[in-house]
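Residue numbers for the sequence shown follow full-length UniProt numbering, beginning at 1 and rising by one. Each residue gets a CB set at the ideal place from its N, CA and C atoms; glycine is no exception. These figures come from a predicted structure and were not determined experimentally. Working notes for the structure below.
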Amino acid sequence: MSIADNLSYVNQKIGAALEKRRARFLTLGRECLSGSGVMIAAASKYVDAPAIIEAYDAGIRVFGENKVRDLKAKYEFISSARPEILSELKFHTIGHLQTNKVRDAVEYSAMIQSVDSVKLARKISEQCEKNSSRMDVLIEIKTSGEETKTGIEIDGARELAEEISSLGGLNLAGVMTMAIFSDDAAAVGECFMKAFDFFEELKKKYGGRCEYLSMGMSDDFELAVEYGANIIRPGRVLF
């Protein structure tokens, strides 16, 4: 199947999941503060720049990269091959970000979804202020309890949110998480609900640009949407 066919499939699944979301939150008696739309940030870690261009032509506008060096290389290829599309095509940094990669991450990213420490937040803000710019950032929280997962525990994330809100180069734009890797939908859903609850807490406290809840990949994006995600990060299912 082509990327366009795969995108159509994903969009159909998103539509069905949004119906389940409405029913879920109605049953809970809660408002879904993440809204009713879903952004696809296609995880492009394992594909080359021509595949990203094909995905753009199919209708995808946002791509998530795990490694800054790959993001930079793909951006530069596209800048040479199809410079006119860079006004719409955006990259998000979605992988663990080392402080020595911050300069390039700031230069080539429209959003950094994986901020998990005060040190990293300050470094990103410092670079943005040098560039006279601001960066939308998400706080990556740990909801699965798995040691292999990156992210900050929720208690620490509250302090991190305070720090980000005080930094001149950053916009606190929301929350990101990776759920437990499991076939148990209840366990995965529990991770997503923790993330939604924390997102709701931040949204009520900070308002403004705090509007994104990024969760869900190829195997669990439907459940993520049902639990309130408005950014999903599918890769394999698209490419």
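Q: Tell me whether Pro234 is buried or exposed, calling it buried when 16 or more other Cβ atoms sit within 10 Å of its Cβ.
A: buried
Q.
Classify Thr27: buried if its beta carbon has 16 or more other beta carbons within 10 angstroms, exposed otherwise.
A. exposed
Q) Ala42 bridges to which residues according to DSSP? A) Phe63
Q. DSSP state of Ala81, grouped into three classes?
A. helix
Q | Met39 CB to nearest heavy atom of the ligand ZN below 7 Å | A | Among the ligands in the structure shown, none appear at all, so the ligand ZN cannot be discussed.
(Q) Could you tell me the alpha carbon to alpha carbon distance between Gly35 and Ala42, rounded to whole angstroms? (A) 20 Å
Q: Along the beta strand (DSSP E) that carries Phe91, what are the first and last residues, could you check?
A: 90-93
**Q.** Exposure label - Ala229; buried when at least 16 CB within 10 Å
**A.** buried
(Q) Quick check on Tyr212: buried or exposed, where buried means 16 or more other Cβ atoms within 10 Å of its Cβ? (A) buried
(Q) Taking 6 Å as the limit between beta carbons, can you name the residues of its chain near residue 248, skipping five residues before and five after? (A) Nothing about residue 248 can be reported from this structure: the residues present for the chain run from 1 to 239 only.
Q | residue 309, buried or exposed, once every other Cβ within 10 Å from all chains shown has been counted against 16 | A | Summary: the structure shown does not reach residue 309, with the chain confined to residues 1 through 239, and so no result is reported for it.
Q) My guess is that Leu97 and Ser114 are in contact by the Cβ rule of under 8 Å, so how many angstroms apart are they, rounded? A) 5 Å
Q.
By the three-class DSSP mapping on this structure, what secondary structure does residue 241 have?
A. Residue coverage of the chain in this structure runs from 1 to 239, which leaves residue 241 outside it and unanswerable.
Q. Mapping DSSP to helix, strand and coil, what is Gln98?
A. coil
Q. Nearest-angstrom Cα distance between Gly216 and Tyr227?
A. 10 Å
Q: Would you mind reading off the limits of the beta strand (DSSP E) that contains Ala173?
A: 170-178
(Q) I'd like to know whether the C-beta atoms of Val188 and Asp220 end up nearer to each other than 8 Å. (A) yes
Q. Can you list, in chain order, the residues of its chain whose CB lies under 8 Å from that of Ile53, leaving out five sequence neighbours each side?
A. Ile78, Ala81, Arg82, Ile85
Q) Under a Cβ-count criterion, where at least 16 other Cβ atoms within 10 Å of its own Cβ denotes burial, should Gly208 be classed as buried or exposed? A) exposed
(Q) Let's see if you can read the secondary structure: which residues bound the beta strand (DSSP E) around Ile141? (A) 135-142
Q) Would a C-beta distance cut-off of 8 Å place Tyr206 and Ser165 closer than the cut-off? A) yes
Q | Inter-residue CB distance, Thr143 and Ala195 (contact presumed, cutoff 8 Å) | A | 5 Å
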